[in-house]
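The next block holds one structure in the form of structure tokens; read it before the comments.
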Amino acid sequence: MAYKSLAKAIEELEERGDLLRVHEEVDPDLEMAAMHRQSFQSNGPALLFEKVKGSKFKAVTNLFGNLERSKYILREKWEAVEGMVALKSDPSLALRNPWKYRKSILGALNMRPKKVGIHTCGFEEVQITDLPQMKSWPMDGGPFITLPQVYSEDPDNPGVKLSNLGMYRVQMTGNSYETNQEIGLHYQIHRGIGVHQTKARKRGEDLKVSIFIGGHPAHTLAAVMPLPEGLSELMFAGALAGRRFRYAYDAEGYCLSADADFVITGSISHDELKPEGPFGDHLGYYSLVHDFPVMKVNKVYAKPNAIWPFTVVGRPPAEDSQFGALIHSLTGEAIPDNLPGVSSVHAVDLAGVHPLLFAVGSERYTPYTQEIQPAEVLTQANMILGFGQLSLAKYLFIADGVYSNPDIHDEEAFLTHILERFRPDRDLHFQTQTTIDTLDYSGESLNRGSKLVVAVAGDPIRKLGKRRPSEIPGFKNIGSPMPGVLCLELDGEGKVEDRLNMLDAKKYEAYPFWVLVDDSMFTAQNMANFLWVTFTRSNPSHDVYGWKSSFEHKHWSTQGMVLIDARKKPHHAPEMKEDPAVEKSAKAKLKKAGFKKRA
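Residues in the sequence shown are numbered consecutively from 7, following my numbering.
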């Protein structure tokens, strides 16, 4: 049976031993976030906080803490929705195999949103300060809503049909926001709500916005889904929940999710901005204070027994990493339909998702009499970098999948495949003065940086070195996280390219990929550290160097190793760090609640 509320989903998790109740009062200022992190990092249960300091409402976290639990919560219609996504890409599948897709066809009955009377919603009015004031990291600018479903309608075509439901962080108090009157919305310009705001601005109108919190967990996932054109988030939410998305309008024309635990309504002016942040974000650093739209709060609604769902983002892996795994599970097969020739794309979670993509393309048109070289895969790389959120990628490593079949989800194996074939004089392709993730501070300014495509094809041309050199002139503290890769520090002062050019590159042919860092032992300790440091602390156009590098007809190339300068720079955002005293308190309260680490 489909859940009718978040509370019902929580009850089922508790029955299967996958939820822990915390009876003792907990502080939403850092302590609850610390308890969340400790449970997530131990593959622990979801946590239900029964007494939240400063609020009458309960709170729940780590619902999506692992893929198994996530799929269990959404199990009712998971198979049917997988089929729906496939049918959206190729409707003829239903004709060729109607029995296989029967559940998907029947599940479509839940896709049409259902309008209900507002009296059926059971809401009461509260204020922003009545809600759990969740603060996750010490330098955060205030409490944030971390699992919001932000709803807006097309001003030119109002109604749910062309609406947008997205997940954009919401700052509840702090900075210069008027308490209970204003909140901050942080979203990127290419998002659906940004399109709606642009239309409202042309009409000289404010944009009405509703923020739903809670309800069926499928509604939360719907807010982050990259859906095919023509399939709205509300339709997807109904299909995955196994129950039509129920909505109502209040007396002032704001849309309310009838099944949500909380709803905040208000409007965004087209010309009013206020400072938002800092906020500890998913790259593992703080996103700093910048001007973002202000939402003038109209009303705040809550169910009498509402439960506040939240997550804590930080250096991956984190709970929101599971969203990526869920999305891939549902839509992975849709990639070849949207990007011809591309068999798979993997946004590398350990590198912060957007900084690094791996992809497998198809080098099909190289005549067999010629050397197989990247040609078609470069066209496919451009398609990838122009597709939805993949356009935020900073580094893209793409390999031919016709003559070999690299495992895109095994980071070390895939990089090994790339580096064995990599020709630094041919395979590096830069894009400069372009857009990158708003949250990535490695670039020249907010939203602006560069991209590097590394495209390979053909047979291996080198055997990668497994034992790192004992010394390299001009460098020190040499480490190696995997064959062919060196992490090192600069020995003394001087320009990076001068140090490289002084070397005999032939001695290091087995090590084509170098990373200059502040702490090489930390970076080389494991693949997680290597991927995170290398790709979150570098801007390709500024930080990639090579031995005897040169330009030929605007193409940059190098004759030897490639080095990425991934040292911290003055303009980089600070790294997030826990408060030791809070972590200790959180550990004690979890232990008192009966928390046990899992294998």
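For glycine and all other residues, C-beta sits at the position ideal for the given N, C-alpha and C. Here the structure is a predicted model, which is why all the values come from computation and not from measurement.
By Cβ distance, which residues of its chain are closer than 8 Å to residue 263, with the 5 residues on each side in sequence left out? For this step, residue 263 is matched to residue 257 along the sequence shown. Correct list, in chain order: 155, 157, 216, 218, 221, 225, 251, 252, 253, 269.
With 9 Å as the threshold, decide whether the Cβ of residue 524 is near any Cβ in chain D. Here there is only one protein chain, and chain D is not present.
Distance, residue 127 Cα to residue 441 Cα: In the sequence shown, counting from the first residue as 1, residue 441 sits at position 435. In the sequence shown, counting from the first residue as 1, residue 127 sits at position 121. So the alpha carbons of these two residues sit roughly 42 Å apart.
Short of 6 Å in beta carbon distance, which residues of its chain neighbour residue 241, apart from the five on each side in sequence? Order them along the chain. For the purposes of this step, residue 241 is taken as residue 235 along the sequence shown, with counting starting at 1. The residues are 117.
Boundaries (first-last residue) of the alpha helix (DSSP H) holding residue 500: Counting from one through the sequence shown, the residue named residue 500 turns up at place 494. Neither: residue 500 is in no alpha helix (DSSP H) and is coded neither H nor E.
Beta-carbon proximity check, residue 359 vs residue 322, cutoff 9 Å: Within the sequence shown, the letter at position 353 stands for residue 359. Within the sequence shown, the letter at position 316 stands for residue 322. The answer is yes: Cβ separation under 9 Å.
According to DSSP, which residues form a beta bridge with residue 606? The displayed coordinates of the chain run from 7 to 605. Any statement about residue 606 would go beyond what the structure contains.
Report yes or no: do three or more beta-carbon pairs, one from the stretch 467-487 and one from the stretch 521-538, lie closer than 8 Å? Counting Cβ pairs under 8 Å, three or more are found: they touch.
Inter-residue spacing [alpha-carbon to alpha-carbon] between residue 31 and residue 16: Taking the first residue of the sequence shown as position 1, residue 31 is located at position 25. Taking the first residue of the sequence shown as position 1, residue 16 is located at position 10. Computed Cα separation, rounded: 19 Å.
If you reduce the DSSP assignment to three classes, tell me which class residue 546 lands in. Taking the sequence shown and counting its residues from 1, one reaches residue 546 at position 540. Residue state, collapsed to three classes: helix.
Alpha carbon of residue 131 to alpha carbon of residue 244, nearest angstrom: Position 125 of the sequence shown, counting from 1, holds the residue named residue 131. Position 238 of the sequence shown, counting from 1, holds the residue named residue 244. Cα to Cα, residue 131 sits roughly 26 Å from residue 244.
Looking only at its chain, what residues have a beta carbon closer than 6 Å to the beta carbon of residue 581, apart from the 5 residues adjacent to it on each side? Within the sequence shown, residue 581 is the residue found at index 575, counting from 1. So the qualifying residues of the chain are 291.
Rounded to the nearest angstrom, how far is the Cβ of residue 398 from that of residue 387, given a contact under 8 Å? Walking along the sequence shown from the start, residue 398 turns up at place 392. Walking along the sequence shown from the start, residue 387 turns up at place 381. So it is not a contact: roughly 15 Å between Cβ atoms.
Top-ranked residue by Cα proximity to residue 438, from 409, 498, 548, 276: One-based indexing of the sequence shown puts residue 438 at position 432. If we check each option's Cα against that of residue 438, 548 comes out closest.
Looking at C-alpha atoms only, which residue of 18, 444, 26, 12 is the closest neighbour of residue 603? Counting from 1 along the sequence shown, the entry for residue 603 is found at position 597. For residue 603, the nearest C-alpha among the options comes from 26.
Using C-beta distances below 7 Å, list every residue in its chain close to residue 562, excluding the 5 sequence neighbours before and after it, in chain order. Counting from one through the sequence shown, the residue named residue 562 turns up at place 556. Close CB contacts of residue 562 within its chain, under the 7 Å cut and outside five residues either way in sequence, are with 434, 436, 555 (chain order).
Rounded to the nearest angstrom, how far is the Cβ of residue 357 from that of residue 542, given a contact under 8 Å? Working through the sequence shown from its first residue, we reach residue 357 at position 351. Working through the sequence shown from its first residue, we reach residue 542 at position 536. Indeed, because the Cβ distance is near 7 Å, the residues count as touching under 8 Å.
Proximity winner among 464, 266, 271, relative to residue 258 (alpha-carbon distances): Taking the sequence shown and counting its residues from 1, the one referred to as residue 258 is at position 252. Checking every option, the nearest Cα to that of residue 258 belongs to 271.
For residue 44, which residues in the same chain have their Cβ closer than 7 Å to its Cβ, ignoring the five residues on either side in sequence? Here residue 44 refers to the residue found at position 38 when the sequence shown is read from its first residue. Taking C-beta separations shorter than 7 Å and ignoring five residues to either side along the sequence, the partners of residue 44 in its chain run 592, 593, 596, following chain order.
Does residue 249 pass the burial test, meaning 16 or more other C-beta atoms within 10 Å, or should it be called exposed? For the purposes of this step, residue 249 is identified with residue 243 of the sequence shown, where counting begins at 1. Buried, because 16 or more other Cβ atoms sit within 10 Å of the Cβ of residue 249.
Can at least three beta-carbon pairs, one atom from the stretch 308-318 and one from the stretch 62-78, be found at a separation below 8 Å? yes
How would you label residue 308, buried or exposed, when you count the other beta carbons within 10 angstroms and need 16 or more for buried? For the purposes of this step, residue 308 is taken as the residue at position 302 of the sequence shown. Result: buried.
Can you have a look at residue 500 and say buried or exposed, based on whether 16 or more other CB atoms are within 10 angstroms of its CB? What you label residue 500 is simply residue 494 of the sequence shown in a count that begins at 1. Of the other Cβ atoms in all chains shown, fewer than 16 fall within 10 Å of the Cβ of residue 500; this residue is therefore exposed.
Under 7 Å Cβ to Cβ from residue 105, same chain only, skipping five residues before and after it: list those, please. The sequence position of residue 105 within the sequence shown is 99, counting from 1. Low confidence applies to residue 105: its pLDDT is 49, below 50, so where it sits in the model is not reliable enough to give any reading.
Environment of residue 182 [buried if 16+ CB atoms lie within 10 Å]: The residue labelled residue 182 in the question sits at position 176 within the sequence shown. Taking every protein chain shown into account, the CB of residue 182 has fewer than 16 other CB atoms within 10 angstroms, so this residue is exposed.
Evaluate residue 159 with the Cβ neighbour count: other Cβ atoms within 10 Å of its Cβ, from every protein chain shown; 16 or more gives buried, anything less gives exposed. Taking the first residue of the sequence shown as position 1, residue 159 is located at position 153. With 16 or more Cβ atoms within 10 Å of its Cβ, residue 159 is classed as buried.
Straight-line CA distance for residue 151 to residue 246? Here residue 151 refers to the residue found at position 145 of the sequence shown. Here residue 246 refers to the residue found at position 240 of the sequence shown. Going from the Cα of residue 151 to the Cα of residue 246 covers about 23 Å.
Selection from 256, 472, 78, 139 that minimises the alpha carbon distance to residue 515: Taking the first residue of the sequence shown as 1, we reach residue 515 at position 509. By alpha-carbon distance to residue 515, the top candidate from 256, 472, 78, 139 is 472.
Does DSSP put residue 586 in a helix, a strand or coil? Reading the sequence shown from its first residue, position 580 is the one you call residue 586. Three-state DSSP puts residue 586 in a helix.
Return helix, strand or coil for residue 391, following the three-state DSSP convention. Here the question's residue 391 lines up with position 385 in the sequence shown. Three-state DSSP puts residue 391 in coil, outside helix and strand.
Residue ranges of each beta strand (DSSP E) within the stretch 46-71, 3 or longer: 52-55, 64-67
Proximal residues to residue 23 (C-beta, below 8 Å), its chain only, five neighbours per side dropped: Locating residue 23 in the sequence shown gives position 17, counting from the first residue. Result list for residue 23: 51, in chain order.
In or out: residue 192 buried (at least 16 other Cβ within 10 Å) or exposed? For the purposes of this step, residue 192 is identified with residue 186 of the sequence shown, where counting begins at 1. So residue 192 ends up on the buried side.
With a cut-off of 8 Å on the beta carbons, I'd call residue 573 and residue 524 a contact; round off their distance for me. Locating residue 573 in the sequence shown gives position 567, counting from the first residue. Locating residue 524 in the sequence shown gives position 518, counting from the first residue. Right, their Cβ atoms sit about 5 Å apart.
Contact check, residue 461 vs residue 404 under 8 Å by CB: the rounded distance? The count along the sequence shown starts at 1 and reaches residue 461 at position 455. The count along the sequence shown starts at 1 and reaches residue 404 at position 398. That pair is a contact at about 5 Å.
When the Cα atoms are used, what is the spatial distance from residue 363 to residue 391? By one-based count along the sequence shown, residue 363 stands at place 357. By one-based count along the sequence shown, residue 391 stands at place 385. So the alpha carbons of these two residues sit roughly 10 Å apart.
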